[in-house]
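Basically the working numbering = 1-based index in the sequence shown + 67.
Structure record follows, encoded as C-alpha coordinates.
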Amino acid sequence: MVQFLVVQLVAYGPLCLWGGVGWRSLRGHGLRSLWVFFALPFAVLAVMSGGGSSLPHWTAPAWVALAPFAGLGLARSFDAKGTQLGRWVIGILASLQLAAGLVLMGLMASGGAPWLNPAPGTSTPVESPNPFADLHGWSDAGTRAIALAQSRQLGSVAVQNWTLASRLGWYARPLPVHVLEDRFDQFDLWAGDLPEGASTLLVDWSQMSYETPLAPHGFAQCTLLETQPVVHWGHTLSSFRFYDCRQWSGTPQPRLRGER
(Lines of atoms letter the chains of each structure in order from A and count residues from 1; the text may use other names and numbers.)
(Lines give C-alpha, C1' and ligand atoms only; values in the text may rest on other atoms or scores of the structure.)
Protein backbone atom coordinates (compact mmCIF):
# COMPACT_ATOMS: atom_id res chain seq x y z
CA MET A 1 0.00 0.00 0.00
CA VAL A 2 2.88 2.38 0.75
CA GLN A 3 4.17 2.02 -2.82
CA PHE A 4 0.65 2.68 -4.14
CA LEU A 5 0.33 5.89 -2.09
CA VAL A 6 3.78 7.12 -3.18
CA VAL A 7 2.85 6.59 -6.84
CA GLN A 8 -0.39 8.50 -6.27
CA LEU A 9 1.48 11.39 -4.67
CA VAL A 10 3.99 11.57 -7.52
CA ALA A 11 1.30 11.38 -10.21
CA TYR A 12 -1.34 13.62 -8.62
CA GLY A 13 0.64 15.71 -6.13
CA PRO A 14 -0.34 19.19 -7.44
CA LEU A 15 -3.99 18.15 -7.66
CA CYS A 16 -3.86 16.93 -4.07
CA LEU A 17 -2.21 20.17 -2.89
CA TRP A 18 -4.63 22.58 -4.54
CA GLY A 19 -7.59 20.33 -3.82
CA GLY A 20 -6.77 20.61 -0.13
CA VAL A 21 -6.52 24.41 -0.41
CA GLY A 22 -9.90 24.58 -2.14
CA TRP A 23 -11.54 22.26 0.39
CA ARG A 24 -10.29 24.37 3.31
CA SER A 25 -11.58 27.56 1.68
CA LEU A 26 -15.13 26.17 1.78
CA ARG A 27 -15.24 26.10 5.56
CA GLY A 28 -18.87 26.16 6.71
CA HIS A 29 -20.21 25.65 3.16
CA GLY A 30 -22.38 22.67 2.23
CA LEU A 31 -20.34 21.99 -0.91
CA ARG A 32 -17.47 20.94 1.31
CA SER A 33 -19.12 17.55 1.85
CA LEU A 34 -18.66 16.69 -1.84
CA TRP A 35 -15.11 15.62 -1.01
CA VAL A 36 -16.62 12.24 -0.13
CA PHE A 37 -16.84 11.46 -3.87
CA PHE A 38 -13.04 11.56 -3.86
CA ALA A 39 -12.43 9.94 -0.49
CA LEU A 40 -14.59 6.82 -0.84
CA PRO A 41 -13.29 5.40 -4.16
CA PHE A 42 -9.73 6.39 -3.30
CA ALA A 43 -9.90 4.64 0.08
CA VAL A 44 -11.37 1.47 -1.44
CA LEU A 45 -8.67 1.27 -4.13
CA ALA A 46 -5.91 2.04 -1.63
CA VAL A 47 -7.04 -0.86 0.56
CA MET A 48 -7.26 -3.14 -2.49
CA SER A 49 -3.70 -2.20 -3.43
CA GLY A 50 -2.48 -3.92 -0.28
CA GLY A 51 -3.59 -7.23 -1.80
CA GLY A 52 -2.06 -6.48 -5.18
CA SER A 53 -5.43 -6.15 -6.93
CA SER A 54 -5.45 -2.41 -7.65
CA LEU A 55 -3.57 -0.50 -10.35
CA PRO A 56 -2.46 3.13 -9.83
CA HIS A 57 -4.51 4.60 -12.70
CA TRP A 58 -7.76 3.15 -11.35
CA THR A 59 -8.03 6.13 -8.97
CA ALA A 60 -8.37 8.59 -11.88
CA PRO A 61 -12.17 9.04 -11.40
CA ALA A 62 -11.58 9.89 -7.74
CA TRP A 63 -9.05 12.55 -8.68
CA VAL A 64 -11.48 13.96 -11.25
CA ALA A 65 -13.94 14.45 -8.38
CA LEU A 66 -11.27 16.42 -6.51
CA ALA A 67 -10.45 18.63 -9.53
CA PRO A 68 -13.18 21.27 -8.83
CA PHE A 69 -11.71 21.79 -5.35
CA ALA A 70 -8.27 22.25 -6.92
CA GLY A 71 -9.66 24.81 -9.37
CA LEU A 72 -11.29 26.68 -6.50
CA GLY A 73 -8.04 26.60 -4.55
CA LEU A 74 -6.13 28.09 -7.47
CA ALA A 75 -8.77 30.80 -7.98
CA ARG A 76 -8.76 31.75 -4.29
CA SER A 77 -4.97 31.93 -4.32
CA PHE A 78 -5.10 34.51 -7.12
CA ASP A 79 -7.68 36.58 -5.25
CA ALA A 80 -5.89 36.46 -1.90
CA LYS A 81 -3.55 39.10 -0.53
CA GLY A 82 -0.05 38.89 -1.86
CA THR A 83 -1.39 38.01 -5.30
CA GLN A 84 1.91 38.70 -7.03
CA LEU A 85 3.75 36.19 -4.85
CA GLY A 86 0.97 33.66 -5.34
CA ARG A 87 1.19 34.05 -9.10
CA TRP A 88 4.95 33.52 -9.00
CA VAL A 89 4.53 30.35 -6.95
CA ILE A 90 1.81 29.01 -9.24
CA GLY A 91 3.87 29.90 -12.31
CA ILE A 92 6.91 28.06 -10.96
CA LEU A 93 4.85 25.00 -10.06
CA ALA A 94 3.16 25.00 -13.47
CA SER A 95 6.54 25.26 -15.20
CA LEU A 96 7.91 22.36 -13.16
CA GLN A 97 4.87 20.28 -13.98
CA LEU A 98 5.20 21.09 -17.69
CA ALA A 99 8.90 20.17 -17.63
CA ALA A 100 8.15 16.91 -15.82
CA GLY A 101 5.44 16.11 -18.37
CA LEU A 102 7.79 16.71 -21.29
CA VAL A 103 10.50 14.55 -19.71
CA LEU A 104 7.97 11.79 -19.09
CA MET A 105 6.73 11.94 -22.69
CA GLY A 106 10.33 11.69 -23.88
CA LEU A 107 10.96 8.64 -21.71
CA MET A 108 7.77 7.02 -22.97
CA ALA A 109 8.67 7.67 -26.61
CA SER A 110 12.22 6.38 -26.17
CA GLY A 111 11.34 3.44 -23.95
CA GLY A 112 13.71 4.84 -21.35
CA ALA A 113 16.69 4.42 -23.68
CA PRO A 114 19.56 5.06 -23.38
CA TRP A 115 19.29 5.94 -19.69
CA LEU A 116 17.68 2.67 -18.60
CA ASN A 117 19.06 0.49 -21.41
CA PRO A 118 22.67 1.46 -22.15
CA ALA A 119 23.49 -1.74 -24.06
CA PRO A 120 22.93 -1.26 -27.82
CA GLY A 121 22.54 -3.92 -30.47
CA THR A 122 20.14 -6.67 -31.28
CA SER A 123 21.25 -9.25 -28.71
CA THR A 124 19.39 -9.57 -25.42
CA PRO A 125 21.50 -8.11 -22.58
CA VAL A 126 21.00 -8.62 -18.87
CA GLU A 127 18.01 -6.38 -18.20
CA SER A 128 17.22 -4.06 -15.35
CA PRO A 129 13.61 -3.12 -14.51
CA ASN A 130 12.32 -0.58 -17.00
CA PRO A 131 8.81 0.86 -16.47
CA PHE A 132 8.76 2.20 -20.03
CA ALA A 133 9.62 -1.06 -21.80
CA ASP A 134 6.03 -2.29 -21.80
CA LEU A 135 5.05 0.50 -24.20
CA HIS A 136 6.98 -1.11 -27.03
CA GLY A 137 7.12 -4.40 -28.90
CA TRP A 138 3.67 -5.84 -28.31
CA SER A 139 2.44 -5.35 -31.87
CA ASP A 140 5.38 -7.29 -33.32
CA ALA A 141 5.02 -9.93 -30.61
CA GLY A 142 1.35 -10.40 -31.45
CA THR A 143 2.10 -10.71 -35.16
CA ARG A 144 4.84 -13.25 -34.48
CA ALA A 145 2.62 -15.20 -32.08
CA ILE A 146 -0.05 -15.57 -34.78
CA ALA A 147 2.51 -16.81 -37.32
CA LEU A 148 4.05 -19.32 -34.91
CA ALA A 149 0.67 -20.59 -33.73
CA GLN A 150 -0.39 -21.19 -37.32
CA SER A 151 2.84 -22.98 -38.23
CA ARG A 152 2.61 -25.22 -35.14
CA GLN A 153 -1.15 -25.76 -35.57
CA LEU A 154 -1.96 -24.22 -32.20
CA GLY A 155 -5.35 -22.62 -31.71
CA SER A 156 -4.60 -20.19 -28.89
CA VAL A 157 -2.03 -18.09 -27.08
CA ALA A 158 -1.34 -18.22 -23.33
CA VAL A 159 0.42 -16.05 -20.76
CA GLN A 160 0.85 -16.38 -17.01
CA ASN A 161 -0.39 -12.98 -15.87
CA TRP A 162 -3.54 -11.08 -16.82
CA THR A 163 -1.67 -7.80 -17.33
CA LEU A 164 0.38 -9.50 -20.06
CA ALA A 165 -2.83 -10.76 -21.64
CA SER A 166 -4.28 -7.25 -21.66
CA ARG A 167 -1.29 -6.04 -23.70
CA LEU A 168 -1.01 -9.01 -26.04
CA GLY A 169 -4.71 -9.73 -26.56
CA TRP A 170 -5.38 -6.94 -29.05
CA TYR A 171 -2.43 -7.75 -31.29
CA ALA A 172 -2.87 -11.54 -31.21
CA ARG A 173 -6.50 -11.44 -32.30
CA PRO A 174 -8.38 -13.43 -33.54
CA LEU A 175 -6.53 -16.04 -31.46
CA PRO A 176 -7.95 -16.36 -27.93
CA VAL A 177 -5.53 -15.46 -25.14
CA HIS A 178 -5.72 -17.68 -22.05
CA VAL A 179 -4.39 -16.61 -18.67
CA LEU A 180 -2.75 -19.49 -16.80
CA GLU A 181 -3.55 -18.07 -13.40
CA ASP A 182 -5.92 -19.18 -10.64
CA ARG A 183 -7.97 -15.99 -10.40
CA PHE A 184 -11.01 -14.50 -12.11
CA ASP A 185 -10.49 -11.72 -14.63
CA GLN A 186 -12.00 -10.45 -17.87
CA PHE A 187 -10.16 -13.07 -19.90
CA ASP A 188 -12.18 -15.80 -18.20
CA LEU A 189 -15.19 -14.23 -19.90
CA TRP A 190 -13.53 -13.58 -23.25
CA ALA A 191 -11.45 -16.73 -23.75
CA GLY A 192 -12.24 -18.99 -20.80
CA ASP A 193 -9.80 -21.35 -19.14
CA LEU A 194 -7.39 -23.38 -21.23
CA PRO A 195 -9.00 -26.85 -21.36
CA GLU A 196 -7.22 -29.70 -19.62
CA GLY A 197 -5.08 -31.63 -22.10
CA ALA A 198 -4.97 -28.71 -24.56
CA SER A 199 -1.90 -27.28 -26.29
CA THR A 200 -1.11 -23.61 -26.82
CA LEU A 201 1.57 -21.07 -27.74
CA LEU A 202 3.00 -19.74 -24.47
CA VAL A 203 4.41 -16.20 -24.57
CA ASP A 204 6.84 -15.01 -21.89
CA TRP A 205 8.04 -11.39 -21.58
CA SER A 206 11.47 -10.76 -20.07
CA GLN A 207 10.41 -7.77 -17.96
CA MET A 208 7.83 -9.97 -16.19
CA SER A 209 9.30 -13.38 -16.79
CA TYR A 210 7.77 -16.56 -15.36
CA GLU A 211 9.16 -20.04 -14.95
CA THR A 212 8.08 -22.37 -17.74
CA PRO A 213 4.98 -24.14 -16.35
CA LEU A 214 5.68 -27.87 -16.49
CA ALA A 215 3.97 -30.85 -14.85
CA PRO A 216 2.53 -31.48 -12.33
CA HIS A 217 1.24 -27.88 -12.36
CA GLY A 218 1.61 -27.10 -16.04
CA PHE A 219 2.27 -28.76 -19.38
CA ALA A 220 3.67 -32.18 -20.15
CA GLN A 221 6.29 -30.48 -22.32
CA CYS A 222 7.22 -27.02 -23.60
CA THR A 223 9.59 -26.38 -26.50
CA LEU A 224 11.25 -22.98 -26.88
CA LEU A 225 10.64 -21.92 -30.47
CA GLU A 226 12.46 -18.59 -30.55
CA THR A 227 13.37 -15.43 -28.66
CA GLN A 228 12.40 -12.07 -30.15
CA PRO A 229 14.24 -8.99 -28.82
CA VAL A 230 12.49 -5.62 -28.70
CA VAL A 231 14.92 -3.11 -30.20
CA HIS A 232 13.90 0.56 -30.12
CA TRP A 233 16.14 3.42 -31.20
CA GLY A 234 19.09 1.02 -31.31
CA HIS A 235 18.61 -0.25 -27.75
CA THR A 236 17.23 -3.57 -26.56
CA LEU A 237 14.37 -2.86 -24.17
CA SER A 238 13.13 -6.40 -23.51
CA SER A 239 12.50 -9.71 -25.25
CA PHE A 240 9.72 -12.22 -25.87
CA ARG A 241 10.06 -15.98 -25.67
CA PHE A 242 7.64 -18.21 -27.56
CA TYR A 243 7.02 -21.80 -26.46
CA ASP A 244 5.08 -24.65 -28.05
CA CYS A 245 3.45 -26.18 -24.95
CA ARG A 246 1.51 -29.46 -25.00
CA GLN A 247 -0.90 -31.30 -22.69
CA TRP A 248 -2.04 -28.73 -20.13
CA SER A 249 -2.72 -30.20 -16.67
CA GLY A 250 -5.36 -27.63 -15.73
CA THR A 251 -3.80 -26.61 -12.40
CA PRO A 252 -2.00 -23.25 -12.81
CA GLN A 253 0.61 -22.18 -10.28
CA PRO A 254 2.55 -19.35 -11.98
CA ARG A 255 5.91 -18.50 -10.45
CA LEU A 256 8.07 -15.53 -11.37
CA ARG A 257 11.49 -16.46 -12.69
CA GLY A 258 14.03 -16.38 -9.88
CA GLU A 259 11.33 -16.48 -7.21
CA ARG A 260 11.79 -19.10 -4.50
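Heads up, the beta-carbon is just placed ideally off N, CA and C, and yes, glycines get one too.
Small disclaimer: the values here were computed from a predicted structure and weren't measured.
Rounded to whole angstroms, the separation of the alpha carbons of phenylalanine 199 and glycine 87 is 31 Å.
Within its own chain, the residues whose Cβ lies closer than 7 Å to the Cβ of glutamate 278, once the five positions on either side in sequence are excluded, are Arg322 and Arg324, listed in chain order.
Where alanine 216 is concerned, the enclosing alpha helix (DSSP H) starts and stops at 205 to 218.
Linking tryptophan 130 to phenylalanine 105 through their CA atoms gives a straight-line distance of about 6 Å.
In terms of CA proximity to glutamate 293, Arg219 leads the group Leu202, Leu139, Asp252 and Arg219.
Residues of the same chain with a CB within less than 6 Å of the CB of leucine 139, apart from the 5 flanking positions on each side, are Gly89 in chain order. For serine 305, the uninterrupted beta strand (DSSP E) run begins and ends at 302 to 315, by DSSP. With fewer than 16 other Cβ atoms from the protein chains shown falling within 10 Å of its own Cβ, proline 128 counts as exposed.
A distance below 8 Å separates the beta carbons of serine 177 and tryptophan 300. The three-state reading of DSSP puts alanine 287 in strand, counting E and B together.
The alpha-carbon separation between glutamine 70 and alanine 113 amounts to approximately 10 Å. Taking the C-beta atoms as reference points, leucine 215 is found nearer than 8 Å to leucine 268. The three-state reading of DSSP puts glutamine 295 in strand, counting E and B together. When secondary structure is reduced to three states using DSSP, alanine 106 falls in the helix class. For aspartate 255, the enclosing alpha helix (DSSP H) begins and ends at 253 to 257.
Taken atom to atom, the span from the alpha-carbon of arginine 143 to that of leucine 76 is near 23 Å. Per DSSP, the continuous alpha helix (DSSP H) segment holding alanine 232 begins and ends at 229 to 238.
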